[in-house]
Structures are given as C-alpha cells and as structure tokens.
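Participant: Below is the structure I would like to discuss, written out as structure tokens.
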Amino acid sequence: MKIAFHPDFILPLPQNHRFPMEKYHRLKTFCDTYFGNAHEIWISPEPMKDEWIKTTHSEEYIQKLQKGTLNPQEVRKLGFTWSEQLWEREKRIVQGTWELIQHAYENQCFGVNIAGGTHHAFRDRGEGFCLLNDLALGANLGILGGMDRILIVDLDVHQGNGTASLMKSNPQCFTFSMHAEKTYPLQKLESDLDVSFQPGTNDEEYLEELAFHLPILLREIQPDIILYNAGVDILNGDDVGTLNISMEGCRKRDELVFKLAANSQIPVVVTMGGGYQKNIEPIIEAHQNTILEAMKWELIMKNQS
Ligand SMILES: [Zn+2]
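Quick note on numbering that gives the first Met the number 0: the sequence shown kicks off at 0 and runs consecutively.
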C-alpha cells in the first residue's frame, strides 16, 4: 500500500475557517507512528502537469486558476481564497491520487490519499473546497493509460456532482454516489447510480443500501480499479451532513467497501473526502479507521491471491 502526502496539502487558513485543515497534519503524524516513515510507503506528489489536467478541465479554467483571475463569485464558491500556494496544493493532490491509481493498478494493491476526494470540481469551475476533480482526472488518465473499466464509489455525504457531470458521457467509468438528500448540493445531478438518504438515516439503513448495491456493481462492471471517496461527513454530529451514522457504522462502511474489493481482487484507491465538526477528534478517528481498514483488507487480499 502507498500513502500520498505532501506538506503543501496543509494550506494556511484564516482562523475560524470552516475547513479542518489541521486534519492532514494529524493524519500524517498518525501514519508515521503507525507505519513508520519508511519511504517505501509514501508518495510525495509533484504538481500535476497542465497537459494532464486538460484531459478533464477546460483550458480557460486552468488559465484562471493559474493566473488567479477567477471573479469574486467564482472564488466565493470555492470556499478558499485564491493563492499560488492553493493552486500548487490542488495540483499536488490530484497528482497524488493519480500516482496511487497507477501504483495500485500495476501492483494489485490499495492506496490512500491523505487528502483528495475533490468531487465538486466541474470541467470549468470549482465549488465546495474543490478546484480540480481528482477522481475524474484519475479515471480519465487511467482510461487513457489502458484501463478498461473504472468504478467511482463516492460515499462522502455530499453528492459527487462534479464527478457525475464530468464522467457522464464516459461509458468506461461508472459513478456511484450515496449521499444526504437535504444538504449541499441541493440540486443533485445524475450519477450512473444515486442513493439519497433522508435526515437522520441510521447505520442499519445506510449499510443495508451499500451492502445491497455494491456487490451488484462489482459483479456487473468488474472494474479494474475502484476509486473510493470515503468522506466522514456522514457521521452523526457533522455540522452539515444531516445523517446519523455512528463511528462504528462509518468503520463498517469502509470495511464493506474494502472487503468486497478484496474478495474480488480489485485494487482500491481511497481519498479522505469531507468531515466538518468543530471538534476535530471524531473526524480524525474516522479517517484513521479508514486507513487501518484499507491496510487490513489489502493484506487479506494479497493472502487470498
Ligand atoms: Zn462532503
């Protein structure tokens, strides 16, 4: 397994900014303690080249991001103030996901991006803390590189609207999103498969839906790789999520995805996605569980092969 991280993932933000930027540092420290800082496990991504970004985003939009010429409304939708540092950060995050995809595909293993899951980025605009779409970019580059079928499993509480829009006309990539009905983006777009939950949805109902749909998708699509957005804003207590999923329910969700993939010998690249609570500890714990489950099930997959 490889884990992608770069110090630039941590963007300095004004105090009281809603985005819990501190989590990246905490997760890096956790991984260092848990796995050791042996260089075999780490990928330290360079910024992605523009010509690769162009496979997924418009030239005009890339120019705006590069030169900082987004208009005030476009900046407001992003949720981050534009800076050269922000642009570099985004390019490193998408490169991280892409390098993990290549590695996982070639070595039939799993990969974890400490950041990523930027599923609200569209071809020519960004929103909700997402400038470039790492899942769509990874899928497009993977297909260009010879992968046959890619499954995006987006279990962040928000719908992967950008991903749905970007991959809509690509028959080689299937987009599956499970999300809360009554939160941003209020106007949902059409993924290949959408499952929408009412406020207060509990573990049982949530996990039942996942356990129903995912095995069918794996059987029918037989993907070369799964790109898994493991946002932890499904947790009860999340400021925006509206669902009522426990810490254990969130862990079981991850376990289910990794277990089904491992049983079918399908590589998985997981991105951390969202999570918004004033108290950052549940966010960290849930992300750590995701990383530990990935590690565990990758090992089981290798032992079964
Ligand atoms: Zn989210």
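Where is the CB? At the ideal position from N, CA and C, for every residue including glycine. None of these values were measured; they are calculated from a predicted model.
#1: Which residue comes first and which comes last in the beta strand (DSSP E) that contains asparagine 228?
#2: Does DSSP put alanine 285 in a helix, in a strand, or in coil?
#3: For ligand 1, is there any heavy atom lying closer than 7 Å to the beta carbon of glycine 273?
#4: Among the residues of its own chain, which have a CB less than 7 Å from the CB of leucine 140, if the five just before and after it don't count?
#5: Which of helix, strand or coil does DSSP assign to glutamate 189?
#6: Phenylalanine 173 and isoleucine 151 - do their beta-carbons sit closer together than 8 Å?
#7: Report yes if the C-beta of aspartate 253 is less than 7 Å from at least one heavy atom of ligand 1; otherwise report no.
#8: For the beta strand (DSSP E) containing alanine 3, list its first residue and its last residue.
#9: Answer with buried or exposed for glycine 272, where buried requires no fewer than 16 other C-beta atoms within 10 angstroms of its C-beta.
#10: So the candidates are Ala260, Glu45, Asn235; which of them puts its Cα closest to the Cα of lysine 277?
#11: Just to confirm, does histidine 157 get its C-beta within under 7 Å of one of the non-hydrogen atoms of ligand 1?
#12: Just to confirm, are leucine 134 and glycine 230 a CB contact at a threshold of 8 Å?
#13: According to DSSP, isoleucine 163 sits in a beta bridge with which residue or residues?
#14: Using three-state DSSP, classify phenylalanine 211 as helix, strand or coil.
#15: For serine 43 versus histidine 102, is the C-beta distance shorter than 8 Å?
#16: Using a threshold of 8 Å, state whether the C-beta atoms of glutamate 203 and glutamate 254 are closer than that.
#17: Would the C-beta of aspartate 238 count as close to ligand 1, meaning under 7 Å from any of its heavy atoms?
#18: Given that a residue counts as buried once 16 or more other Cβ atoms are within 10 Å of its Cβ, and exposed if not, what is phenylalanine 211?
#19: Secondary structure at methionine 177, three-state DSSP: helix, strand or coil?
#20: Could you pull out every residue in the same chain whose Cβ sits closer than 7 Å to the Cβ of leucine 64, ignoring the five residues on either side in sequence?
#21: Are the beta-carbon atoms of alanine 260 and isoleucine 282 separated by less than 8 Å?
#22: Just curious, the beta strand (DSSP E) that asparagine 112 is in, first and last residue?
#23: If we ignore side chains and look at the alpha-carbon of each, how far apart do proline 19 and asparagine 302 end up?
#24: I'd like to confirm the pairing. Which residues does DSSP put opposite tryptophan 86 in its beta bridges?
#25: Provide the residue span of the alpha helix (DSSP H) that contains threonine 32, from first to last.
#26: For alanine 120, which residues from the same chain have a beta carbon less than 7 Å from its beta carbon, with the 5 sequence-adjacent residues on both sides left out?
#27: Closest by CA to tyrosine 205, which one among Glu189, Val156, Gln221?
#28: Less than 8 Å between the C-beta atoms of proline 170 and lysine 181, yes or no?
Facilitator: Taking the coordinates as given:
#1: Residue numbering aside, residue 228 sits at position 229 when the sequence shown is read from its first letter. It spans 224-228 - the beta strand (DSSP E) in which asparagine 228 sits, taken as one unbroken run.
#2: Position 286 of the sequence shown holds residue 285. In this structure, alanine 285 counts as helix in the three-state DSSP scheme.
#3: On the sequence shown, residue 273 is found 274 positions in, with the first residue counted as 1. Glycine 273 Cβ: within cutoff of ligand 1.
#4: Start at 1 with the first residue of the sequence shown, and residue 140 comes out as number 141. Correct list, in chain order: Trp51, Thr54, Trp97.
#5: Position 190 of the sequence shown, counting from 1, holds the residue named residue 189. Coil at glutamate 189, not helix or strand.
#6: Taking the sequence shown and counting its residues from 1, one reaches residue 151 at position 152. Taking the sequence shown and counting its residues from 1, one reaches residue 173 at position 174. Taking 8 Å as the Cβ cut-off, isoleucine 151 and phenylalanine 173 qualify as a contacting pair.
#7: Counted from its first residue, the sequence shown places residue 253 at position 254. No, Cβ of aspartate 253 sits at least 7 Å from all heavy atoms of ligand 1.
#8: Start at 1 with the first residue of the sequence shown, and residue 3 comes out as number 4. Here the beta strand (DSSP E) through alanine 3 covers 1-3.
#9: Residue mapping note: residue 272 aligns to position 273 of the sequence shown, counting from 1. Sixteen is the threshold: when 16 or more other Cβ atoms of the shown chains lie within 10 Å of the Cβ of glycine 272, as they do, the residue is buried.
#10: The residue given as residue 277 occupies position 278 in the sequence shown. Out of Ala260, Glu45, Asn235, the CA that lies nearest to the CA of lysine 277 is found in Asn235.
#11: Taking the sequence shown and counting its residues from 1, the one referred to as residue 157 is at position 158. Closer than 7 Å to some heavy atom of ligand 1: that describes the Cβ of histidine 157.
#12: If you number the sequence shown from 1, residue 134 lands on position 135. If you number the sequence shown from 1, residue 230 lands on position 231. Not in contact: leucine 134 and glycine 230 (Cβ atoms no closer than 8 Å).
#13: For the purposes of this step, residue 163 is taken as residue 164 along the sequence shown, with counting starting at 1. Here residue 163 is alanine; the residue named in the question, isoleucine, does not match the sequence. Alanine 163 has no beta-bridge partner at all, per DSSP.
#14: Translated into the one-based positions of the sequence shown, residue 211 becomes position 212. In the structure shown, phenylalanine 211 sits in a helix (DSSP, three-state: H, G or I).
#15: Your numbering for residue 43 matches position 44 in the sequence shown. Your numbering for residue 102 matches position 103 in the sequence shown. Their beta carbons are not under 8 Å apart, which means serine 43 does not touch histidine 102 by this criterion.
#16: Against the sequence shown, residue 203 aligns to sequence position 204. Against the sequence shown, residue 254 aligns to sequence position 255. Going by C-beta atoms, glutamate 203 is not nearer than 8 Å to glutamate 254.
#17: The count along the sequence shown starts at 1 and reaches residue 238 at position 239. Every heavy atom of ligand 1 is 7 Å or more from the Cβ of aspartate 238, so no.
#18: Against the sequence shown, residue 211 aligns to sequence position 212. Exposed.
#19: On the sequence shown, position 178 is the one that residue 177 refers to. Note: methionine 177 maps to strand in three-state DSSP.
#20: To locate residue 64, count along the sequence shown from 1; it is residue 65. Excluding the 5 residues flanking it on each side, leucine 64 has same chain C-beta neighbours closer than 7 Å at Trp86, Leu130, in chain order.
#21: The count along the sequence shown starts at 1 and reaches residue 260 at position 261. The count along the sequence shown starts at 1 and reaches residue 282 at position 283. Their beta carbons are not under 8 Å apart, which means alanine 260 does not touch isoleucine 282 by this criterion.
#22: Stepping through the sequence shown from its first residue, residue 112 is reached at position 113. Counting along the chain, asparagine 112 sits inside the beta strand (DSSP E) bounded by residues 109-112.
#23: In the sequence shown, counting from the first residue as 1, residue 19 sits at position 20. In the sequence shown, counting from the first residue as 1, residue 302 sits at position 303. Those two C-alpha atoms are separated by around 37 Å.
#24: Position 87 of the sequence shown, counted from the first residue, corresponds to residue 86. Note: tryptophan 86 sits in no beta bridge, so no partner.
#25: Start at 1 with the first residue of the sequence shown, and residue 32 comes out as number 33. 21-34 is the extent of the alpha helix (DSSP H) around threonine 32.
#26: Here residue 120 is taken as the residue at index 121 of the sequence shown, counted from 1. Cys129, Leu130, Leu131, Asn132, Gly161.
#27: For this step, residue 205 is matched to residue 206 along the sequence shown. Looking only at Glu189, Val156, Gln221, the smallest Cα-Cα distance to tyrosine 205 is reached by Val156.
#28: Reading the sequence shown from its first residue, position 171 is the one you call residue 170. Reading the sequence shown from its first residue, position 182 is the one you call residue 181. Judged by beta-carbon spacing, lysine 181 lies beyond the 8 Å limit of proline 170, meaning their Cβ atoms are not closer than that value.
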